[in-house]
Amino acid sequence: RHLRSHAHAQPPQAGRHGLGDAVIGRLYRACYEEGENVSRKEVVAAVAREAGVPNGDEYVLSGKGTDELAAELANAATSGGRRVRAAPTFELRAGASPALAFSGARETDEWLSLLHEAAEAAKPSAGA
């Protein structure tokens with residue numbers, strides 16, 4: 039299931055007006071300092087209005103942003119062109135070696151193994 043909350047849909051809209059960071063910061067403040075429920079579209083609309091996003095409140099209240107976000111997420115890909123099917127998705131690249139892509143949270147020992155694998159792949163082969 040894709041994230042389709044109004045809080046996830048507003049930053050890209052705000053970013054089109056150079057206000058993405060302002061909206062993200064204000065959403066964090068609303069949630070973590072003021073105890074607001076940022077999954078409510080009325081709260082996100084107020085944040086957009088306060089941040090000065092042109093028609094941002096109307097955009098949120100219309101629900102248009104969640105549809106656009108769902109379409110973007112359906113076509114998400116890594117920089118290497120691999121389709122993103124889960125969050126989080128990571129892509130490790132070391133040197134000229136092909137990227138190592140994987141999804142999901144990992145334990146520390148798994149991260150170390152993946153980093154070691156990427157480093158080994160980046161080493162020049164013997165005789166090269």
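Counted the way the working numbering counts, the sequence shown spans residues 39 to 166.
We treat Cβ as the ideally placed atom computed from N, Cα and C, and that holds for glycine.
- Nearest neighbour of E158 by Cα position, chosen from A137, S141 and D147, turns out to be A137.
- Note: A115 is bridge-paired with R121 in the DSSP secondary-structure output.
- Ranked by Cα distance from R120, the options T104, A139, V82 and G133 are led by A139.
- By the Cβ-count criterion, G118 is exposed, with fewer than 16 other Cβ atoms from all chains shown falling within 10 Å of its own Cβ.
- For S141, the enclosing beta strand (DSSP E) has its first and last residue at L138 to S141.
- Of the candidates G103, A109 and W149, the residue whose Cα lies closest to the Cα of A52 is G103.
- The C-beta separation of G58 from P49 comes to about 5 Å, placing the pair in contact by the 8 Å criterion.
- Boundaries around E155 are those of the alpha helix (DSSP H), T146 to A160, since no beta strand (DSSP E) includes it.
- S100 is the residue among G73, S100 and E71 whose C-alpha sits nearest the C-alpha of A83.
- Under DSSP, L130 shares a beta bridge with L138.
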